[in-house]
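J.: Per this note's numbering, the sequence shown starts with residue 833, numbered consecutively. All C-beta atoms in this analysis are idealised placements derived from N, C-alpha and C, irrespective of residue type, glycine included. Model, not experiment: these values are computed from the prediction.
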Amino acid sequence: MLTARSIYLSKKNKLIVDRGSHETPVKVVATFVKNLEAYGFTVSKALFDRLLTLSVPQLTDLYGDTTTILKEMVGAHRVFKPFYPNFPKQVMEASEAELYINAILHYWLTDSEEKQVVPQYEKEDRPELDEETKLRVIDLGSISDFEKLFTKLVGSNSSISATDKEIVSWFVENYKDDIKRLVPDSIPQKEQLSFLIAHTLKHVDNASFLVQKLKTPTDVLRAAVAMSNGDVSLAEPTKFRNFTRKERKFLVLALEYCYSDSFTEDLLRWSGRWTRLAHNLHIGEYKKDCPNIQESFDIIRNKKPFVTFNSKVESAIRGDELEKAVSLLSTRPGDFARRLDKIVRTDGRNYVIEAFSKVTDKISTPVLLQTYQHFQNRENKQVLRSFFPKGNVGKLFVTENKPLAPLDHKVAGCIVSNVRKALVDRFSKLPSLGSVYIDKQLKTQFIPSGLRSASKSLRTLARGSRVDFGFDGDTIRFFLWWQNGGGRTDIDLSSTVFTANWTHYMDVSYYNLKDWGCHHSGDIVSAPHGACEFIDITISKFLEKKLRYVMMCINSFTGQSFSSLPECFAGWMGRANPNSGEVFEPKTVLDKVDVTANTKVCIPVVLDLVERQVIWSDLALTSRARVNNVHRNRRSLNAMGRAVADLSKPTLYDLFDMHAEARGEKVENKKYADTVFSLHEGITPFDSETIMADFMV
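#1: Do residue 885 and residue 910 have their beta-carbon atoms positioned less than 8 Å apart in this structure?
#2: By DSSP, does residue 843 sit in helix, in strand, or in coil?
#3: In the DSSP assignment, find the unbroken alpha helix (DSSP H) run with residue 1205 in it and report its ends.
#4: Hey, would you say residue 1452 sits closer than 8 Å to residue 1425, going by beta carbons?
#5: Taking C-alpha atoms, which residue in 1053, 1012 and 1035 lies nearest to residue 1042?
#6: What is the DSSP secondary structure of residue 1350, counted as helix, strand or coil?
#7: What residue from 872, 1074, 1389 and 1140 has the CA that sits closest to residue 1323's CA?
#8: According to DSSP, simplified to helix, strand and coil, what is residue 1296?
#9: Could you check if residue 1340 belongs to the surroundings of the ligand GDP, using beta carbon to heavy atom distance under 7 Å?
#10: Considering only C-alpha positions, which residue in the set 1521, 1017, 841 and 1117 is nearest to residue 1284?
#11: Who are the Cβ neighbours of residue 1099 in its own chain at under 6 Å, not counting the five residues just before and after it?
#12: Grab me the residues of residue 923's own chain with a C-beta within less than 8 Å of its C-beta, minus the 5 sequence neighbours each way, in chain order.
#13: Determine the closest residue to residue 1420 out of 840, 856 and 963, with distance taken between C-alpha atoms.
#14: Tell me whether residue 953 is buried or exposed, calling it buried when 16 or more other Cβ atoms sit within 10 Å of its Cβ.
#15: Given residue 1514, which residues of its chain have a CB within under 7 Å of its CB, disregarding the five upstream and five downstream residues?
#16: Compare the C-alpha of residue 1156 against each of 1494, 838, 1166 and 1183 and name the closest.
#17: Entirely within the stretch 1296-1368 and at least 3 residues each: give me those beta strand (DSSP E) ranges in chain order.
#18: Could you check the C-alpha separation between residue 1019 and residue 984 for me, to the nearest Å?
#19: If you follow the alpha helix (DSSP H) that residue 1103 is part of, which residue opens it and which one closes it?
#20: With a floor of 4 residues, list each alpha helix (DSSP H) that falls wholly inside the stretch 1072-1107, ordered by position along the chain.
#21: Buried or exposed for residue 1150, going by 16 or more other Cβ atoms inside 10 Å?
#22: Reducing DSSP to helix, strand and coil, say where residue 902 ends up.
#23: Once DSSP output is grouped into helix, strand and coil, what is the label at residue 1464?
#24: Determine the direct distance from the alpha carbon of residue 1063 to that of residue 1224, and round the result to whole angstroms.
#25: From what residue to what residue does the alpha helix (DSSP H) around residue 1178 run?
#26: Please classify residue 1158 as buried or exposed, where buried requires at least 16 neighbouring CB atoms within 10 angstroms.
#27: With distances taken between CB atoms, is the gap from residue 1406 to residue 1423 smaller than 8 Å?
#28: Which of helix, strand or coil does DSSP assign to residue 850?
#29: Once DSSP output is grouped into helix, strand and coil, what is the label at residue 1136?
#30: Output needed for residue 1263: all residues of its chain with C-beta closer than 8 Å, excluding positions within five of it in sequence on either side, in chain order.
#31: With residue 956 and residue 991 assumed to form a contact (beta carbons below 8 Å), what rounded beta-carbon distance in angstroms separates them?
#32: At what residues does the alpha helix (DSSP H) containing residue 1522 begin and finish?
#33: Run the CB neighbour count on residue 980, radius 10 Å, all protein chains shown included, and call it buried at 16 or more, exposed below.
#34: Cα separation between residue 1126 and residue 1142?
#35: Do three or more CB pairs link the stretch 998-1010 to the stretch 966-973 at distances below 8 Å?
#36: Where do the ends of the beta strand (DSSP E) carrying residue 875 lie?
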């Protein structure tokens, strides 16, 4: 269950602690802090000093609440009992015959959802954990900073994740009428607006202040979809529920409010859904209060002829009337940007670029950045083309890349220059950043857009972004924990290994527990009270064989979707001495991801062993194989891995560089900077709500 403390701690690594009137001994607070280190956390000096003002009972209560949250963040709230309790040493030393016989007996004897029969080995004493770990710092927070989290999530210029939507819902439910104070003036992403409206109507007496934020019929459609618990990206159709009279009046008045010359055409984009929704809203009852929209709905219901904007543009292009097409597109700048490549390929004369440049100030920042990145990298030769479709599952569509028709590099360069100028001009209206330091490592970090399908995780990055391992050891340990849902549930943890040119080398899975530099803790096929699996990747061994990429794969062998399970999560640890400490050591967890997608195959991450980097994937794969394992899905996994490793998207470095040009002065040393953009200091890639609300304006 969400609480203010769990939200703030998990999202911002901060705690709100009111100043007390006591003087707790330093050694008591030091013990509090020392115990947090077991989960990979410590506290800032500001928080330490504030803890000294609490009484011992207050400190004890805070410790219990905080550790409960931290345990869930890293996965330590569950018990980990691997098939082989002395992993990895036990698997390394076991014969193939022993591994085979144990597996067969486990499969034969575990024949129901209530049974889990594993060999009984005595757990040996293990050396104490011998690892140097970088602790995450928990800082002192404030109510105002906590409330900004809601404002930034709602004001984000990109779709937000299901986890963030739960946070928005919590704020509305708990703040009720006071939520109006936290709603930003601008809500550029209408998915957030629709979700906010749905929950505001449920928990706030008067939601009329949100009507003016609905600009088009599609905005209203999304709101109705959100109120019906549907997919607000509109990727999937929704069965509309029966609305209350209050809700119907809100939606119909909103339609009348956003009436414009393009109203009918906007309805036609989703004519089938509008026909069904109009029936639920009883549009005809509002003829007196909402006269303007009636004719448009008559066209929709009775399928009367209507010439759309797109048909006019296509007709002009087919008729070689490019100047007419450009003139039309200039009235819809966003459409102009999306069609720009096709237009300049057909006619690259200056008038096209000049017409586009005149309307760039009316194009959203995300679309301008996509345009900038597209033309900047247009000539780069990529074997595969990939894209993420809208929806609530992290699917990546991959096809063979067919090169675009050649374009004069001067034309592409001119477009890139004009788009950059438009963005810099836009950002220059924001407050000064002073002297600015930008970490060059941000060139491998993508702008965190399109997070609607992102899994809940200890840290969240944009798919395809790269981040250093963050430890100096030689072993990466994958882990998985799950519990049965709707019968016996067998979830498999596997890894598939590739060379530098993506030639498949081997799999480590239930059918191959150990191979060159890789060991699996043993396959468990039922989890009535929870089960776990581990895989150790020995980096140096792989590099000896010139192996580069390791893909972490999670497969539902028994066919249940992950979303149907009571709980399923995975992650990875960094270990220097893999036989020291417990098999699962929360202190060494680098990342943990909740596996909750409505799919049966999940790819949380790809490792680049040469660069010692994690390539953030968070992908879902649809398996059509009768036996769902990495061997049967090998072709798809290969394509997914290559695509996510070579993704080309707008980077944080480019975005922050434009802000620095517009609002400050770049410096080479961060100690002289007023504003720092880097991997771990200042504004980082993990501050997605800040980036999308404050830097994608």
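T.: This is what the structure holds:
#1: No, the pair does not count as a contact, with Cβ atoms beyond the cut-off.
#2: helix
#3: 1197-1208
#4: no
#5: 1012
#6: strand
#7: 1389
#8: Three-state result, residue 1296: coil.
#9: Looking at this structure, you won't find the ligand GDP or any other ligand, since it has none at all.
#10: 1521
#11: 1049, 1106, 1128 and 1132
#12: The beta carbon of residue 923 sits closer than 8 Å to the beta carbons of 916, 931, 1345, 1346, 1351, 1352, 1353 and 1354 from its chain, once the five residues preceding and following it are set aside; these are given in chain order.
#13: 963
#14: That one is exposed.
#15: 1507 and 1508
#16: 1183
#17: As far as the stretch 1296-1368 is concerned, its whole beta strand (DSSP E) runs of at least 3 residues are 1298-1300, 1307-1314, 1323-1331, 1336-1340 and 1350-1352.
#18: The straight-line gap from Cα to Cα measures roughly 10 Å.
#19: Element bounds for residue 1103: 1103-1113.
#20: 1077-1089 and 1095-1101
#21: exposed
#22: helix
#23: coil
#24: Confidence at residue 1224 is low in this model, with a pLDDT of 47, below 50, so the placement of that residue should be treated as unreliable; the coordinate-derived value is given next. Spanning the two alpha carbons is a distance of roughly 7 Å.
#25: 1165-1178
#26: Buried is the call here.
#27: no
#28: coil
#29: coil
#30: 1495
#31: Wrong, their Cβ atoms sit about 49 Å apart, outside the cutoff.
#32: 1520-1526
#33: Result: buried.
#34: 23 Å
#35: With a cut-off of 8 Å on Cβ pairs, the stretch 998-1010 is not in contact with the stretch 966-973, counting fewer than three such pairs.
#36: 873-875
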